[in-house]
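Visitor:
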Amino acid sequence: MKALPLIVAILMGGITGCGKAPEPVPVAKPQTPAPAPAPKPAPSTLQTVVDGFTGRAVVEQGKAAGEKTKAIRAKEQADLNEVMN
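No gaps in the numbering here: position 73 of the sequence shown is 71 in this note's numbering, and each next residue is one more.
1. Do D49 and A55 have their CB atoms nearer than 9 Å?
2. Quick one: which unbroken alpha helix (DSSP H) runs of 4-plus residues sit fully inside the segment 6 to 68? Chain order, please.
3. Regarding M82 and the ligand GDP, is the C-beta to nearest heavy atom distance less than 8 Å?
4. Taking the alpha-carbon positions, what's the L44 to G53 distance?
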């Protein structure tokens, strides 16, 4: 009876030691982020002064806001037409 634990230990060691070795887990390579776009060159001091006097930046912002408003109105009108038909 004293040999029973020894036999069980040998059998367990033989069972766990037999068989194919597990395949290594593939290691994912970290993805490199996309390169940042090239920055726009800064406007010259003269260009900044001229834009300030003429109000060009304000006009451009107003045009962009007007285009966004038109796009929103067109989408709302299309949604309304879809519901009504």
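From the three backbone atoms N, C-alpha and C, an ideal C-beta is built for every residue, glycine too.
Guide: Well, looking at it:
1. Contact check for D49 against A55 passes: the beta carbons are separated by less than 9 Å.
2. Within the segment 6 to 68, the complete alpha helix (DSSP H) segments of 4 residues or longer fall at 43 to 52, listed in chain order.
3. As far as ligands go, the structure on display features none, and thus does not contain the ligand GDP.
4. Answer to the nearest angstrom: the Cα atoms are 14 Å apart.
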